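First comes the structure, then the notes that go with it.
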Amino acid sequence: MDTMKGMKRSCYCGEVTLEMKEVTVGGFTQRVRDKGGIIFIDLRDRTGIVQLVFDENTEKSVFEKAETIRSEDVLMVRGAVRARESVNTEIRTGGVEITVTELRILSKAQTPPFEIVSNSKTNEELRLKYRYLDLRRKPLQDNLIMRHNIAKCAREYFYENGFLEIETPMMIKSTPEGARDYIVPSRIHNGKFYALPQSPQMYKQLLMISGFDRYIQLARCFRDEDLRADRQPEFTQIDLEMSFVDVDDILEMLEGFIHKLYNDILDVDIKIPLPRLTYDEAMRRFGSDKPDTRFGMEITDISDVVKDSEFVVFRSALESGGSVRGIVAENGAAALTRKEIDKLVEYVKGIGAKGLAYVRWVDDAPTCSFGKFMKEGELEKILAALGCKKGDVALIVADKDKVTLPTLGALRLKVAKQLDIIPAGWNFLWITEFPFFEYDDENGEWVAMHHPFTMPLDEHIQYLDTDKSRVRAKCYDLVLNGTELLSGSIRINDPELQQHMFEMLGMTDEEIRAKFGFLVDAYKYAAPPHGGAGIGLDRLAMLMCGCDSLRDVVAFPKVQNASEPMSEAPSFVSEEQLKELGIKIVNDPAKG
RNA sequence: GGCCCGGUAGUUCAGUUGGUUAGAACGCCGCCCUGUCACGGCGGAGGUCGUGAGUUCGAGUCUCAUCCGGGUCGCCA
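Under our numbering, the letters of the first sequence match residues 14 to 605, in that order.
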């Protein structure tokens, strides 16, 4: 193998132009085209590809060396830039080539387990095992470069607006609220554990109490919950907090960021202010707190229309305080056959609904799953109320609102995907005024929907003791095309109100002290009104790159069982390590 | 934890009703070729059909179990 002694790279492969005359470039061998007396090699780096030419008649020794080059070998070459005889219009450097006068083979490559090409069809499992090779592929390189640019833009924007970047600890106290913590054993304090942060929540609030006024951090966060295509156990938030603000101030600041981001990176003009919906309205119209508003198919309440119906399913739902609601898939009758609708029925049963009533209007007489229970003219009224026409399919759910709305929301999304009616676009949407409490049917108590430092709406504080169901929070989510991108809130800065909130949540003084004592104390020394948000950098990058999975925008992602196929983390540790930590494994799989 | 989908050369896939020596393309190796750019031509190597049991005269194909991967529900304040 050669060294690069005496050579210095003059430019990247993708940047070579005719004006440069002579260049020195380095890169990976993308492809060798050996014509016998002349060899063409595509040399690749992160910027692109440039063609090298080796001619038998000009530099015999260089040519003979070039004959030994294989795919993915790392080369460094010096040579003259000249125009190609025939231009490749597919690539930026397609009009030029380098006639190589000096060739160094800096590193030889084993044959890779899969071809390093843009449109690889190799299954992800293998690509993840050799992630470092997969990352050589252009689509992934481009994604990570995009991600870098998003992070850079975030820093630029928030720095310009007076935010200070401050690091918060990764080894913190475990507070078993919300998601499961990843815990880290302490050697010095046997039996005690640190937790990895689910977010820097408490620390950023403390920074406001300290008077830093505006804080930002690209914070790594950890949650020990099951994975999804859009959920990794380890992820990054653009985490921020501001003082002397209320909801509108924060939303305005964040809208400025979204606008700059899309302008700088995708050259897309996002109109601000962004649309807003309250949680209640989003649920009522879309059956979701993160609706995809790129298409309609909104939910219609037909409770009034069917209030005198003798159909037992509708009646029992209404009598128990529920509702009858439906959605209409326009022109859906062709795609939604009886068989497909049967699948939807199974689907809604799987997500908690008792069933699904439907009308499939193909011919003059609609096929209706509940037709025989309808009185004269009743079905017509229902169809009119829903706006269901010939060629459409109406899907109706009758139950408590807690069931009808989310079920129809999920159905709306599923049917829209099935009918392929979701247009491309960037539909941002604020969801505001989330319920503060959520009734837990199992335990028969009200539990917080958010962390306990969230501020209720000013005018709702009066209901804290009297009617918890009415209390809405100064909470906001930013939704993009049906994905939750950002979540934030105004925090409570009044110690008395905070104490009250803890009590509302059924926490004893001992619990409060044990979990949040330091934070409660801190607020006693005065804090400006403040609030903030965490923007999911991974999800943002995923959507901006047009990817379906976070794995495409994370350099070294975890797979569904939370392991990492390349390094095979997590792994067993030695007896010595465990002993030092005072940890004993029960039912140790390492010992069979 | 539940449900659904998948696993056959290095890779992507085909493999009929269970039936001879499991095929193709790409990649790899060798030879030929001076204008290729998904180069081309000729030849070659390469398989524990995820694993284990079962049914059978005979299993890539059927049955059961199991492992691995993906999606999803639960879960994710």
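Quick reminder that beta carbons are idealized off the backbone N, C-alpha and C, glycines included.
This structure is a prediction, so every number in the text was calculated from the model and none was measured.
In whole angstroms, what is the alpha-carbon distance linking residue i and residue j?
{"i": "Cys346", "j": "Lys403", "result": "Residue identity check: residue 346 is Ala in the sequence provided, not Cys. So the two alpha carbons sit approximately 9 angstroms from each other."}
{"i": "Tyr216", "j": "Arg227", "result": "13 angstroms"}
{"i": "Met33", "j": "Gly27", "result": "13 angstroms"}
{"i": "Cys234", "j": "Cys558", "result": "22 angstroms"}
{"i": "Pro92", "j": "Ile285", "result": "Inspection of the sequence shows that residue 92 is occupied by Gly rather than by Pro. Cα to Cα, the separation comes out at about 51 angstroms."}
{"i": "Leu253", "j": "His161", "result": "18 angstroms"}
{"i": "Glu138", "j": "Asp58", "result": "25 angstroms"}
{"i": "Ile6", "j": "Thr106", "result": "This structure does not reach residue 6, given that the chain is present from 14 up to 605, and the question cannot be answered."}
{"i": "Glu72", "j": "Asn132", "result": "35 angstroms"}
{"i": "Thr249", "j": "Thr81", "result": "44 angstroms"}
{"i": "Leu510", "j": "Phe447", "result": "19 angstroms"}
{"i": "Ile596", "j": "Glu581", "result": "22 angstroms"}
{"i": "Gly422", "j": "Phe299", "result": "5 angstroms"}
{"i": "Gly40", "j": "Lys78", "result": "17 angstroms"}
{"i": "Gly269", "j": "Gln214", "result": "23 angstroms"}
{"i": "Glu169", "j": "Thr181", "result": "20 angstroms"}
{"i": "Ser500", "j": "Asn494", "result": "15 angstroms"}
{"i": "Ala320", "j": "Ala397", "result": "The residue you asked about is not Ala; residue 320 is Lys in the sequence shown. Between Lys320 and Ala397, the C-alpha separation is close to 15 angstroms."}
{"i": "Val94", "j": "Glu35", "result": "6 angstroms"}
{"i": "Val102", "j": "Val109", "result": "Reading off the sequence, residue 102 comes out as Thr, not Val. Thr102 and Val109: Cα-Cα distance of roughly 11 angstroms."}
{"i": "Asp47", "j": "Leu146", "result": "24 angstroms"}
{"i": "Asp453", "j": "Glu190", "result": "15 angstroms"}
{"i": "Glu455", "j": "Gln43", "result": "60 angstroms"}
{"i": "Ala295", "j": "Lys356", "result": "26 angstroms"}
{"i": "Asn574", "j": "Arg236", "result": "13 angstroms"}
{"i": "Ile196", "j": "Arg97", "result": "60 angstroms"}
{"i": "Ser329", "j": "Lys367", "result": "12 angstroms"}
{"i": "Ala378", "j": "Gly384", "result": "11 angstroms"}
Indicate whether residue i and residue j have their beta-carbon atoms separated by less than 8 angstroms.
{"i": "Ile503", "j": "Phe515", "result": "no"}
{"i": "Tyr292", "j": "Asp302", "result": "yes"}
{"i": "Gln245", "j": "Pro570", "result": "yes"}
{"i": "Ile111", "j": "Val87", "result": "no"}
{"i": "Val484", "j": "Pro469", "result": "yes"}
{"i": "Lys427", "j": "Tyr360", "result": "yes"}
{"i": "Ala539", "j": "Ile163", "result": "no"}
{"i": "Ile409", "j": "Gly365", "result": "no"}
{"i": "Arg289", "j": "Trp459", "result": "no"}
{"i": "Ile222", "j": "Ala535", "result": "yes"}
{"i": "Pro578", "j": "Leu141", "result": "yes"}
{"i": "His463", "j": "Asn506", "result": "no"}
{"i": "Ser187", "j": "Ala167", "result": "no"}
{"i": "Ile104", "j": "Phe171", "result": "no"}
{"i": "Ile312", "j": "Arg297", "result": "yes"}
{"i": "Ala192", "j": "Leu563", "result": "no"}
{"i": "Phe386", "j": "Glu323", "result": "yes"}
{"i": "Met255", "j": "Asp261", "result": "no"}
{"i": "Asp55", "j": "Ile62", "result": "yes"}
{"i": "Val358", "j": "Leu349", "result": "no"}
{"i": "Ala461", "j": "Leu418", "result": "no"}
Suppose the cutoff is 7 angstroms on Cβ atoms and the five residues either side in sequence are ignored; what does the same chain contact list for residue i look like?
{"i": "Lys21", "result": "Thr37"}
{"i": "Glu175", "result": "Just to set this straight, residue 175 is Gly in the shown sequence, not Glu. The answer, listed in chain order, is Arg227."}
{"i": "Leu264", "result": "Trp443 and Tyr489"}
{"i": "Gly605", "result": "Residue placement at Gly605 cannot be trusted, given a pLDDT of 45 that sits under 50; what the coordinates show is reported in the next sentence. For Gly605, where only same-chain residues beyond five positions count, there are no Cβ hits under 7 angstroms."}
{"i": "Phe327", "result": "Val319, Val337 and Ala411"}
{"i": "Pro198", "result": "Phe206, Leu594 and Ile596"}
Once you ignore the five residues that flank residue i on each side, which residues in its own chain have a CB closer than 6 angstroms to its CB?
{"i": "Arg373", "result": "Ala346, Thr380 and Val406"}
{"i": "Lys413", "result": "Gly335"}
{"i": "Thr135", "result": "Phe127"}
{"i": "Arg425", "result": "Met310 and Ile340"}
{"i": "Lys121", "result": "Asp86"}
{"i": "Tyr371", "result": "Ile354, Ser382 and Leu408"}
{"i": "Gln218", "result": "Arg504"}
Counting only the same chain and skipping the five closest in sequence on each side, list residues whose C-beta sits under 8 angstroms from that of residue i.
{"i": "Val566", "result": "Asn156, Leu157, Met159, Arg160, Asp551, Ala554, Met555, Cys558 and Cys560"}
{"i": "Tyr143", "result": "Pro125, Pro126, Phe127 and Met579"}
{"i": "Arg150", "result": "Ile129, Val130, Ser131 and Ser133"}
Would you call the segment 384 to 399 and the segment 437 to 453 touching, i.e. three or more CB-CB distances under 8 angstroms? These segments do not touch.
Mind listing, in chain order, the continuous beta strand (DSSP E) runs of no fewer than 3 residues lying wholly within the segment 394 to 426? For the segment 394 to 426, whole beta strand (DSSP E) runs of length 3 or above, ordered along the chain, are 406 to 412.
How do the segment 415 to 433 and the segment 271 to 283 stand: do at least 3 beta-carbon pairs fall below 8 angstroms, yes or no? Using a Cβ-Cβ distance cut-off of 8 angstroms, the segment 415 to 433 and the segment 271 to 283 are not in contact, since fewer than three pairs of beta carbons, one from each stretch, lie closer than that value.
Could you tell me which whole beta strand (DSSP E) segments of length 3 or greater appear in the segment 189 to 222? Counting only runs of 3 or more, we get 196 to 198 and 206 to 208.
Just to confirm the assignment: which complete alpha helix (DSSP H) runs, minimum length 4, are found wholly within the segment 266 to 310? Taking only runs of at least 4 residues, the alpha helix (DSSP H) segments lying wholly in the segment 266 to 310 are 292 to 299.
Of all the alpha helix (DSSP H) runs that stay within the bounds of the segment 499 to 571, which reach a length of 4 or more residues? Counting whole runs of 4 or more residues, the segment 499 to 571 contains the alpha helix (DSSP H) stretches 508 to 517, 522 to 536 and 550 to 558.
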